[in-house]
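Everything below concerns the one structure shown next.
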Amino acid sequence: MDNPAAGPILRAMTTDCDVLIIGGGLNGPALALALAQGGLSVTVVDALAEAARVDEDFDGRAYALALASQRLLQATGVWPAVADKAQPILGIRASDGRVGAAPSPFFLDFAHGELEEGPMGFMLEDRHLRRAFLAAMAATPGITQISGETVVAQAAGPAGATVTLASGRVLSARLLVGCDGRASGTARRAGIGRTGWRYGQTALVCAIGHEKPHNGLAQQVFTPAGPLAILPLKGNRSAIVWSEREATARAIQALDDAGYLAALHERVGDYLGALTLEGKRFTYPLTLTLANSFVADRVALVGDAAHGVHPIAGQGLNLGLRDVGALAEVTIEAVRRGEDIGSLTVLDRYQVWRRFDSTLLALGMDTVNRLFSNDNPVLRAGRDLGLGLVNAMPGLRRRFIREAAGLSGDLPRLLQGRAI
Ligand SMILES: Cc1cc2nc3c(=O)[nH]c(=O)nc-3n(C[C@H](O)[C@H](O)[C@H](O)COP(=O)(O)OP(=O)(O)OC[C@H]3O[C@@H](n4cnc5c(N)ncnc54)[C@H](O)[C@@H]3O)c2cc1C
């Protein structure tokens, strides 16, 4: 990634900060907080202007945060600012469905009482999480935020790395972290390629108000065109992530609000009563994109920059926060041992910890999407049987519940709610 346009390649030991994070969306701020609380100096650069990043408008996006992710937010001090705005997920139901038809009698049903640790997770609106991250960063010594500046070049040297901003300003750090999303320029400039494909599906995303309470139940209905998630928000409101084939999604998005709601009502059914739209409607083309390496010399990738996955189980941000916990732990321990935090020896520990796990999960969700997004009668009978079997087997049910809560696997300390 040595690029003469990227400023001087560092050979001396002085840098502007320890870690420079490119991207201040969601994973970037979480990592900045974890590292700064561990005593490192961090700069976060985001292309969006400050005003756009603190916009209070409800844009309909919300996240299903697994219990382990909530613990990371608690451990980094963000949770108290959002706790009263988060809706606990008290149950999960997954079933096969068809537009206008009664739901399949075979389903998978989990109740929060089956998990001794508490609710499986929380639904939180994007606007609340984003603002809480920005406020927490502003209140944390050791973090410098630069908004409205785009990174256009980067270079690595023996003692550090430099980035050049579009304004011409050059910044240096011992480690660069790409939290710059699915089209990560940090990865591209470091020579890291990507593997992936399109799903031929588009997610229609919005928030709805409804007449009847949701009782904290998160529903996933697998229709032949793609999964429909109905996720509980505070009050009588839910977040909708509704996957359709691209052409159908275009046609639905082009409907007026009444037509859109009627199409949605047909798929949701009557259990929530009358529906209204809360805020704007969005569409996201669905793709899988995996970075071929999560690290390069003086560079690490975190969150969607490393793995952009299908939203089928609402796991994208949860995976990213696992990266945050792992990279923060590896980096802070390396500082304590007196190691160079940008060296490949240190960064490989992060890659070994996270790459296999996230690739497996990304491909797992890909398989579930392929298995369920069709109307093949043989596959339909097989998956109905599968759902019914898992539902009836306590050992398997427990594994699924712990997986949904993000409690399985080799958990970084922050995701266990412990300090590094
Ligand atoms: C429809 C849908 C529903 C989802 N639902 C869930 C869910 O329920 N639960 C869940 O866990 N996940 C969910 N996800 C996934 C989640 O939205 C993403 O995983 C998460 O937003 C990724 O955050 P990030 O910080 O890695 O990247 P982003 O949020 O994409 O942030 C990247 C940031 O980098 C900045 N940037 C980019 N390039 C540059 C540059 N050159 N210079 C400076 N700044 C730059 C951008 O301005 C941006 O702010 C969903 C995704 C979709 C599409």
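Going letter by letter, the sequence shown gives residues 60 to 479 in my numbering. Every residue gets a Cβ at the ideal spot worked out from N, C-alpha and C, and that includes glycine. If you're wondering where the values come from, they're calculated on a predicted model, not measured in any experiment.
Cβ distance (whole Å) where residue i is taken to contact residue j below 8 Å
i	j	result
Leu235	Arg357	6 Å
Ala232	Thr102	7 Å
Ala355	Gly250	7 Å
Leu349	Arg253	7 Å
Ala220	Gly83	Between Gly83 and Ala220 the Cβ distance is about 18 Å, and since that is not below 8 Å, they are no contact.
Leu320	Leu334	5 Å
Glu303	Ile311	6 Å
Arg381	Pro471	7 Å
Glu173	Ile479	Actually they are not in contact, since the Cβ atoms of Glu173 and Ile479 sit about 30 Å apart, beyond 8 Å.
Gly379	Glu337	Incorrect: roughly 26 Å between the Cβ atoms, too far for contact.
Trp301	Leu360	Contact flag wrong, Cβ pair sits at about 29 Å.
Ala308	Thr342	6 Å
Sequence-distant residues of the same chain with beta carbon closer than 8 Å to residue i, five excluded per side
i	result
Thr404	Glu398
Gly121	Note that residue 121 corresponds to Ala in the displayed sequence, not to Gly. Answer for Ala121: Met182, Leu183, Glu184, Asp185, Ala266, Leu290, Leu292, Ala298, listed in chain order.
Val427	Ile371, Ala372
Thr135	Ala89, Leu92, Ala93, Gln96, Ala195, Leu473
Val141	Leu132, Leu183, His187, Leu188, Ala191
Met351	The sequence as given places Asn at residue 351; Met does not occur at that position. Ile251, Gly252, Arg253, Thr254, listed in sequence order.
Asp469	Trp412, Asp416
Ala197	Gln204
His171	Pro147, Ile148, Leu149, Gly150, Gly177, Pro178, Met179, Gly275
One or two residues paired with residue i in a DSSP bridge
i	result
Val264	Val300, Phe341
Phe169	Ile151
Pro286	Phe281
Gln146	Met182
Pro291	Ser297
Leu224	Val210
Leu124	Phe181
Ser231	Thr221
Thr203	Thr102
Val137	Partner(s): none; Val137 has no beta bridge.
Arg429	According to DSSP, which records beta bridges pairwise, Arg429 is partnered with nothing at all.
Val113	None; Val113 has no bridge partner.
Ala215	Ala220
Cys76	Ala232
Buried versus exposed, by CB contacts within 10 Å (16 or more), residue i
i	result
Arg477	exposed
Ser226	exposed
Asp239	buried
Asp155	buried
Asp77	buried
Leu419	exposed
Ala385	buried
Phe482	The question about residue 482 has no answer here: the residues shown for the chain are numbered 60 through 479.
Ala214	buried
Gln129	buried
Glu74	The amino acid occupying residue 74 in the given sequence is Thr; Glu does not appear at that position. Under this definition Thr74 is a buried residue.
Gln260	buried
Asp329	exposed
Phe169	buried
Arg457	exposed
Gln475	exposed
Glu388	buried
Neighbourhood of residue i by C-beta distance below 6 Å, restricted to the same chain and skipping five residues each side
i	result
Gln278	Arg152, Ile289
Gly87	Ile80, Val103, Cys238
Ala125	Gly180, Asn377, Ala464, Gly465
Ala64	The predicted position of Ala64 is uncertain, since its pLDDT is 48 and thus under 50; a value taken from the coordinates is nonetheless stated next. Cβ within range, chain order: Ala212.
Arg241	Thr348, Asp363, Gly367
Chain-order list of residues whose beta-carbon lies under 7 Å from that of residue i (same chain, five-residue window excluded)
i	result
Ala108	Ser206, Gly207
Exercise for the section: Count the CB pairs spanning the stretch 360 to 380 and the stretch 242 to 259 that are closer than 8 Å, and state whether there are at least three. Expected result: Counting Cβ pairs under 8 Å, three or more are found: they touch.
Practice task
Could you tell me whether the stretch 259 to 276 touches the stretch 135 to 154, where touching means 3 or more Cβ pairs closer than 8 Å?
Solution key: The stretch 259 to 276 and the stretch 135 to 154 touch, with no fewer than 3 CB-CB distances between them shorter than 8 Å.
Exercise for the section: Could you say if the stretch 413 to 428 and the stretch 89 to 100 meet the contact criterion of at least three C-beta pairs nearer than 8 Å? Expected result: Contact fails: fewer than three Cβ-Cβ distances are below 8 Å.
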